[in-house]
Amino acid sequence: MQRIIKNNEVVDETWHLLPKDATLDGITNCDDLIVPLALWREHAHVLKARDGGLGVWLDAEEEAEEIGDDVQHFQVIALNFPAFTDGRNYSNARLLRDRYGYKGELRAIGDVLRDQLFYLHRCGFDAYALRADKDPYEALESLKDFSVTYQAATDEPLPLFRRR
0 MQRIIKNNEV VDETWHLLPK DATLDGITNC DDLIVPLALW REHAHVLKAR DGGLGVWLDA
60 EEEAEEIGDD VQHFQVIALN FPAFTDGRNY SNARLLRDRY GYKGELRAIG DVLRDQLFYL
120 HRCGFDAYAL RADKDPYEAL ESLKDFSVTY QAATDEPLPL FRRR
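Going by numbering that gives the first Met the number 0, the sequence shown runs without a break in its numbering and finishes at 163.
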């Protein structure tokens with residue numbers, strides 16, 4: 000079972016992340032699922048009627064605006080980082096939190112590394128599924144790498160000069 004970082008703790012993963020080419024076939028009514036955006040678009044009415052928890056995941060080329068009006072239906076929104084150098088989902092995270100008011104779990108998935116966690120947190124992420132070869136306990140420490148931030152962000156809306 001994969002372990003993830005969630006709310007500053009290492010916990011067991013309990014959600015099932017469906018692959019990009021998933022269909023409704025084989026989906027049980029009670030599992031907690033994170034479905035790809037394409038499956039949500041095509042079968043939102045069926046997915047909302049299920050008993051299990053519901054989440055959606057966006058790939059880096061997909062935009063937060065595509066689910067902006069639907070965020071209230073999701074307990075988890077996962078944003079995929081296909082490469083650690085691909086920062087597009089940092090922007091999607093800010094939009095989901097600041098523009099669309101998403102209050103649920105915002106999870107980073109894919110090629111997620113220790114060095115990214117502090118900055119992901121500043122953009123609104125509160126859960127991280129690290130790359131399989133990385134230790135979540137070691138990565139958890141990176142959330143304390145910096146004690147002071149200068150710029151405003153989702154986690155601190157006031158810049159340093161306004162906090163004095």
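For every residue, glycine included, the Cβ atom is placed at its ideal position computed from N, Cα and C.
Note to self: Using a Cβ-Cβ cutoff of less than 8 Å, which residues in the same chain neighbour N120 once the five nearest sequence positions on both sides are dropped?
What the structure shows: As a position in the sequence shown, residue 120 is number 121, starting the count at 1. Checking the sequence, you will find His at residue 120 rather than Asn. If we look at H120 and ignore the five residues flanking it on each side, its Cβ neighbours are L142, D154.
Margin query: To the nearest angstrom, how far is the alpha carbon of L66 from that of H72?
Written below: Translated into positions along the sequence shown, residue 66 becomes position 67. Translated into positions along the sequence shown, residue 72 becomes position 73. Strictly speaking, residue 66 in this sequence is Ile, with Leu absent from that position. Rounded to whole angstroms, the gap between the alpha carbons of I66 and H72 is 10 Å.
Note to self: Please list the terminal residues of the continuous beta strand (DSSP E) segment that includes A77.
What the structure shows: Locating residue 77 in the sequence shown gives position 78, where the first residue counts as 1. In the DSSP annotation of this structure, the continuous segment of the beta strand (DSSP E) that includes A77 starts and ends at 75-80.
Item checked: Distance CB(A59)-CB(P81) smaller than 9 Å -> The residue given as residue 59 occupies position 60 in the sequence shown. The residue given as residue 81 occupies position 82 in the sequence shown. Yes, they are a contact pair.
Notebook entry, point to check: How far does the alpha helix (DSSP H) with W39 in it reach, from first residue to last?
Noted result: What you label residue 39 is simply residue 40 of the sequence shown in a count that begins at 1. Segment 36-47, the alpha helix (DSSP H) holding W39.
Next item on the list: Kindly identify the DSSP beta-bridge partner or partners of L32.
Entry: For this step, residue 32 is matched to residue 33 along the sequence shown. The partner list for L32 (beta bridge, DSSP) reads H15, L53.
Item checked: Beta carbon of L139 nearer than 9 Å to that of L157 -> In the sequence shown, residue 139 corresponds to position 140, counting from 1. In the sequence shown, residue 157 corresponds to position 158, counting from 1. No. Outside cutoff.
Margin query: Within 8 Å, do at least three Cβ pairs link the region 144-151 to the region 100-110?
Written below: The region 100-110, when compared against the region 144-151, does not touch it at the 8 Å Cβ threshold.
Next item on the list: Enumerate in chain order the residues of its own chain whose CB-to-CB distance from R93 is below 7 Å, with the five nearest sequence positions on each side excluded.
Entry: Indexing the sequence shown from 1 puts residue 93 at position 94. Cβ neighbours of R93 beyond the five flanking positions: C122, G123, T153.
Checklist line | Residues bridged to L105 (per DSSP) | finding: Along the sequence shown, one-based indexing puts residue 105 at 106. In DSSP, L105 forms a bridge with I76.
Check: How about G109 and A128: do their beta carbons lie closer than 9 Å?
Finding: Residue mapping note: residue 109 aligns to position 110 of the sequence shown, counting from 1. Residue mapping note: residue 128 aligns to position 129 of the sequence shown, counting from 1. Taking 9 Å as the Cβ cut-off, G109 and A128 qualify as a contacting pair.
Note to self: Quick check on DSSP: helix, strand or coil for Y127?
What the structure shows: One-based indexing of the sequence shown puts residue 127 at position 128. Judged by DSSP in its simplified three-state form, Y127 adopts strand.
Next item on the list: Assign K5 to one of three DSSP states: helix, strand, or coil.
Entry: What you label residue 5 is simply residue 6 of the sequence shown in a count that begins at 1. In the structure shown, K5 sits in a strand (DSSP, three-state: E or B).
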